[in-house]
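Chemist: Below is a structure I'd like to ask you about.
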Amino acid sequence: MRTKLRKVVPEFELKYKAELAHKINKLKRERNAVILGHNYMEPALFHSIPDFTGDSLELCRKAAQTDKDIIVFCGVRFMAETAKILNPEKTVLIPSAKAGCSLAESITAEDVRNLRRQYPGVPIVTYINTYADVKAECDVCCTSGNAARVVESLGSDRIIFLPDEYLAGNVAKETGKRIIFPTKTPRAARDSALEYELIGWRGRCEVHEKFTVEDIENIRSQFPDTVVLAHPECSPEVVAASDFSGSTSAMIKYVTEVGAPRYLLLTECSMGDNIAAALPNREMLRMCSIRCPHMNEITLEDTLAALEQTRYVVELPEDIRVRALRSVERMLEIA
Ligand code: SF4
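Numbering (the numbering used here), first residue to last: 13 to 347.
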């Protein structure tokens, strides 16, 4: 851990965190558990205890393949729910009960049912950043890595894309579809003369919505040779002003494979630290004022407690799980 993390984690924290990681790894083996770590986990956790790291889609796949009895999901609630959707017979644990997500909380199952009534017959795509009951009401899931492919695979000229306003805007650009954002007012209140193809929702990631074109301009004026990478949950203007946009794993791949003098990642700030630790020969600029408060809830201490006390167990009503599974499986087939 010291070799990898000495530049990103203070020395006095390292010993303490290494001891915690050692206990977790020992207990993980004893309990026949697998630990999945999202790319936004803090560096000391990310580089010590997960058996697999990655973005939502990669971890989803790992969750579907595991033969372990317990899945500990070091990520947020909707991710742990997805692991449970795919593995009903396993015990799925999330280390903190408070690890939510502003996108997942922006929409309810009732909202989706209303949209279904408003736009009968229009297929509904949901970003994976939603809770199981919302997935259960939709036709297919997607991640930021496969959203355009999922939308295009539907072959429909009208698609409802939920709940991320900015991701919907970026997918609309990529697929050449137009976009409308329905309000909760009745359909009659809208201009019926307009035609729309991609129908979005006003959810936003509270982290990615904060990045601005001005941030990019400021960095470029100081370091003109910086390559800017933006997550597609950033606004379409920010994505357009960047050099590359992709899922967290696509960004990691880009930094690994494309040599540049320096990189700026417009995403959750732990990921820059995680890449800096893994690729010490890459210079990462930090605008690290934006830590996701939900990802930040997942700590080594809580992960140890999760394994010791078998907490917090993710449970889903079976009828919701089965319907949500259809949406997730359709995505996995397409992706
Ligand atoms: S970074 Fe944004 S999308 Fe991801 S968990 Fe946090 S609030 Fe949700």
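In this text, a Cβ means the ideal position worked out from N, Cα and C, and glycines have one as well.
#1: How far does the beta strand (DSSP E) with Ile231 in it reach, from first residue to last?
#2: Quick one: what's got a C-beta closer than 6 Å to Phe85's C-beta in the same chain, skipping five residues either side?
#3: Given a cut-off of 8 Å, decide if Glu164 and Arg190 are closer than it, judged by their beta-carbon atoms.
#4: In the DSSP assignment, what residue or residues form a beta bridge with Tyr139?
#5: Can you tell me the Cβ-Cβ gap for Ile172 and Leu127, rounded? I've got them flagged as a contact below 8 Å.
#6: Look at the Cβ atom of Ile211, then the Cβ atom of Val134, and state whether they are nearer than 8 Å.
#7: What residue ranges within the segment 53-93 form continuous beta strand (DSSP E) runs of no fewer than 3 residues, ordered along the chain?
#8: Straight-line CA distance for Gly284 to Arg298?
#9: DSSP beta-bridge partners for Leu48?
#10: Please state whether DSSP places Ser257 in a helix, a strand or coil.
#11: Can you give me the C-alpha to C-alpha distance between Ala205 and Gly188, rounded to a whole angstrom?
#12: Taking DSSP as the reference, what is the three-state secondary structure of Met307?
#13: Name the two residues that bound the continuous beta strand (DSSP E) containing Arg274.
#14: Around the C-beta of Glu327, are 16 or more other C-beta atoms found within 10 angstroms, so that it is buried, or is it exposed?
#15: What are the boundary residues of the alpha helix (DSSP H) that Thr322 is part of?
#16: For a test of the three-state rule: what should DSSP assign to Ala290, helix, strand or coil?
#17: DSSP three-state call for Phe173: helix, strand or coil?
#18: Which residues share a DSSP beta bridge with Ile211?
#19: Considering only residues of the same chain and omitting the five flanking positions on each side of Asn44, which have a CB-CB separation below 7 Å?
#20: Less than 7 Å between the CB of Val46 and some heavy atom of the ligand SF4, yes or no?
#21: When you compare each of Asp176, Ala317, Cys281 to Ser247 by their alpha carbons, which one comes out closest?
#22: Give me, in chain order, the residues of the same chain whose beta-carbon lies closer than 7 Å to that of Ser108; leave out the 5 immediate sequence neighbours on both sides.
#23: Please tell me whether Glu330 and Cys304 are closer than 8 Å, where the distance is taken between their beta carbons.
#24: Could you tell me which of Thr138, Asn182, Leu312 sits nearest to Val250, measuring between CA atoms?
#25: So, helix, strand or coil for Val240, using DSSP?
#26: Arg199: buried (16+ other C-beta within 10 angstroms of its C-beta) or exposed?
#27: Note down the Cα distance separating Tyr131 from Pro194, rounded to an integer number of angstroms.
Modeler: The answer reads as follows:
#1: Counting along the chain, Ile231 falls outside any beta strand (DSSP E), though it belongs to the alpha helix (DSSP H) covering 225-234.
#2: Leu48, Met91, Ala92, Ala95, Ile106
#3: no
#4: Cys154
#5: 6 Å
#6: yes
#7: 64-66, 82-86
#8: 7 Å
#9: Phe64, Phe85
#10: strand
#11: Interpretation of Ala205 is limited by its pLDDT of 43, a score under 50 that renders its predicted location unreliable; the figure taken from the coordinates is listed afterwards. C-alpha separation (whole angstroms): 20 Å.
#12: helix
#13: 274-278
#14: exposed
#15: Neither: Thr322 is in no alpha helix (DSSP H) and is coded neither H nor E.
#16: helix
#17: strand
#18: Ile172, Ile192
#19: Lys80, Asp81, Ile82
#20: no
#21: Asp176
#22: Glu309, Ile310, Asp314
#23: no
#24: Asn182
#25: strand
#26: Confidence in Arg199 is poor, its pLDDT being 49 and thus under 50, which makes the residue's placement too unreliable to answer from.
#27: 10 Å
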